[in-house]
Amino acid sequence: MKQTVAEFFAGLPAFSDFGRVADPAVFSPAPDHALVAISDVVASTAAIAEGRYKAVNFAGAAMISALANALGGLHFPFVFGGDGAVALVDGSDHDRVTRVLAETAAFARDELALEMRVALVAVEEIRAGGSDVRVARHALSGDVATAMFAGGGIAFADKAMKTGAYAIAAAEAGSRPDLEGLSCRWNPVAARNGTMLSLIVVPAPHAGPHGATRFTDVVARVLDLVARDGADRNPVPPEGPGFSWPGRGLDLEARAMGGGAKLAASLRRLKRIVAIAWLLDRTGLRFGGFSMRHYRRVLARNTDYRKFDDGLRMTLDCSAALAARLERLLEDAEAEGVVVAGLHAQDEAMMTCIVPSFMTDDHIHFLDGAGGGYAMAARNLKAKLAAAGRAGTVAADNGAAG
35 MKQTVAEFFA
45 GLPAFSDFGR
55 VADPAVFSPA
65 PDHALVAISD
75 VVASTAAIAE
85 GRYKAVNFAG
95 AAMISALANA
105 LGGLHFPFVF
115 GGDGAVALVD
125 GSDHDRVTRV
135 LAETAAFARD
145 ELALEMRVAL
155 VAVEEIRAGG
165 SDVRVARHAL
175 SGDVATAMFA
185 GGGIAFADKA
195 MKTGAYAIAA
205 AEAGSRPDLE
215 GLSCRWNPVA
225 ARNGTMLSLI
235 VVPAPHAGPH
245 GATRFTDVVA
255 RVLDLVARDG
265 ADRNPVPPEG
275 PGFSWPGRGL
285 DLEARAMGGG
295 AKLAASLRRL
305 KRIVAIAWLL
315 DRTGLRFGGF
325 SMRHYRRVLA
335 RNTDYRKFDD
345 GLRMTLDCSA
355 ALAARLERLL
365 EDAEAEGVVV
375 AGLHAQDEAM
385 MTCIVPSFMT
395 DDHIHFLDGA
405 GGGYAMAARN
415 LKAKLAAAGR
425 AGTVAADNGA
435 AG
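Sequential numbering of the sequence shown, starting at 35, is according to our numbering.
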């Protein structure tokens, strides 16, 4: 009997030291029968310019939430990327996952006015194309583990999706997935050290036969530099983020609960829930065994501010001096043709959450920069890749002319 993706992921040894993502030995090959589900908000930069980055993040996390509700929990490997997400699912769930992805794209279109690309790519096809999908298990806390991906397969799937390959069309108007537990109620998290830095580092194209080794060496140096700085770079303080009434992002959550004609009723219900939570937070009282203060502390531990999916992504609360050192390190590595990096500095971070139950500690919280974050860092990275491509074309043309 085939091992399911959930069984495969649960069986991977978990590590809590994030620096180990630079060690290829922690990654294991995904099952051949697995599928890569991937999503991406089209024109996210334009939406950010309109001040809609919270909606972009909400759409990005929606695929993970929808899959969790359809597949019985957050037991599969996944990564949140700001304006999209990636997940590994069972081939036997192909039809169900296809429907969930189509409904998620319809939700983004109908309720958030965002166009979302979604695609489903077989791991076997990725391997046939010369890439691989390898997975590691990173323990955020004793209650939550997230996936890390290596091998080039996620980058392969992302590139294929953006060319229209493996595309899944959005479902009919009014279709929606089950997004129970998806929320974004917390206040923005202000930088305590001066700069909220969003950073993406990927391997440089055509880096040569030792490119993978040199790339992981740069990743290790970046993580070592952050560690040697001597402070916890989790942007969320140990006591959790700020919380106010009537709460931030309730309109988005109401749309997830039931938009259209149900929007007003959903919003009223949410305001009542948030009012109770605000009261518990202010007084320290418990409600049916629920402690807001305990929830806040677990939230801080379960914040996903570092990830690896064929590239390093981090949202760091750091000093301007550390940001400058990271930038110099990456510029040197870019000059050597090892990596391409995108950075974006802002003053705050924002949070999008998946909370299966308020009574358990397995909730997860995705962090991104509040001033464009990963999407803006990716835009900067893509500009460098485009410039490198144009330079290569000119060089080739000059060589042909000579």
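All C-beta atoms, glycine included, are put in the ideal place defined by N, C-alpha and C. Given the structure is predicted, the values throughout are model-derived calculations rather than measurements.
{"Asked": "Can you give me the C-alpha to C-alpha distance between Arg168 and Pro63, rounded to a whole angstrom?", "Found": "4 Å"}
{"Asked": "To which residues of the same chain is Val389 closer than 7 Å at the C-beta, ignoring the five residues directly before and after it?", "Found": "Gly215, Ser217 and His397"}
{"Asked": "Can you give, in chain order, each stretch of the beta strand (DSSP E) that sits fully within the segment 279-350 and has at least 3 residues?", "Found": "340-342"}
{"Asked": "Do Pro269 and Leu401 have their CB atoms nearer than 8 Å?", "Found": "yes"}
{"Asked": "Whose CA, out of Gly187, Thr386, Gly107 and Val90, lies closest to the CA of Arg151?", "Found": "Val90"}
{"Asked": "Compute the beta-carbon to beta-carbon distance between Asp344 and Val178, rounded to the nearest angstrom, for a pair I have assumed lies under 8 Å.", "Found": "Incorrect: roughly 22 Å between the Cβ atoms, too far for contact."}
{"Asked": "Decide if the segment 65-81 is in contact with the segment 144-164; the criterion is three or more beta carbon pairs, one per stretch, under 8 Å apart.", "Found": "yes"}
{"Asked": "So what's Gln37 in DSSP terms, helix, strand or just coil?", "Found": "coil"}
{"Asked": "Considering only residues of the same chain and omitting the five flanking positions on each side of Gly376, which have a CB-CB separation below 6 Å?", "Found": "Ile234, Ala411, Ala412, Asn414 and Leu415"}
{"Asked": "Might you give, ordered along the chain, the residues of its own chain that have their beta carbon closer than 6 Å to the beta carbon of Ala379, omitting 5 neighbours on each side?", "Found": "Thr229 and Leu231"}
{"Asked": "By the 10 Å Cβ neighbour count, where 16 or more other Cβ atoms means buried, how is Val39 classified, buried or exposed?", "Found": "buried"}
{"Asked": "Hey, Val121 and Ala83: beta-carbon distance below 8 Å or not?", "Found": "In the sequence under discussion, the amino acid at residue 121 is Ala, which differs from the Val named in the question. No; because the gap between Cβ atoms is not below 8 Å, this pair is not in contact."}
{"Asked": "Once you ignore the five residues that flank Gly125 on each side, which residues in its own chain have a CB closer than 6 Å to its CB?", "Found": "His67 and Leu69"}
{"Asked": "Express the C-alpha separation of Glu368 and Arg362 in angstroms, rounding to a whole number.", "Found": "10 Å"}
{"Asked": "When DSSP labels each residue in this structure, what does His109 get in the three-state scheme?", "Found": "coil"}
{"Asked": "Using the C-alpha atoms, what's the distance from Asp285 back to Ala334?", "Found": "24 Å"}
{"Asked": "Is the distance from the Cβ of Ala95 to the Cβ of Thr386 below 8 Å?", "Found": "yes"}
{"Asked": "Let me know the alpha helix (DSSP H) ranges lying completely inside the segment 226-274, each 4 residues or longer, listed in chain order.", "Found": "245-262"}
{"Asked": "Can you tell me whether Ile202 is helix, strand or coil according to DSSP?", "Found": "coil"}
{"Asked": "Hey, out of Ala119, Leu364 and Ala288, whose CA is closest to Leu146's CA?", "Found": "Ala288"}
{"Asked": "Considering only C-alpha positions, which residue in the set Gly163, Ala142 and Pro271 is nearest to Gly78?", "Found": "The residue you asked about is not Gly; residue 78 is Ser in the sequence shown. The shortest Cα separation from Ser78 among Gly163, Ala142 and Pro271 belongs to Ala142."}
{"Asked": "Hey, quick one: how far does the alpha helix (DSSP H) through Thr394 stretch, first residue to last?", "Found": "Where Thr394 is concerned, there is no enclosing alpha helix (DSSP H), given that its DSSP letter is neither H nor E."}
{"Asked": "Tell me the residue span of the alpha helix (DSSP H) that contains Val76.", "Found": "Premise fails: Val76 is in no alpha helix (DSSP H) and is neither H nor E."}
{"Asked": "Can you grab the Cα-Cα spacing for the pair Ala173 / Ala93, in whole Å?", "Found": "25 Å"}
{"Asked": "Please specify which runs of the beta strand (DSSP E), each continuous and at least 3 residues long, are wholly inside the segment 122-180, giving them in chain order.", "Found": "150-156 and 168-173"}
{"Asked": "Quick one: give me the first and last residue of the beta strand (DSSP E) that Arg361 is part of.", "Found": "This sequence places Glu at residue 361; Arg is not what is there. Careful: Glu361 lies outside any beta strand (DSSP E), inside the alpha helix (DSSP H) at Ala354 to Ala369."}
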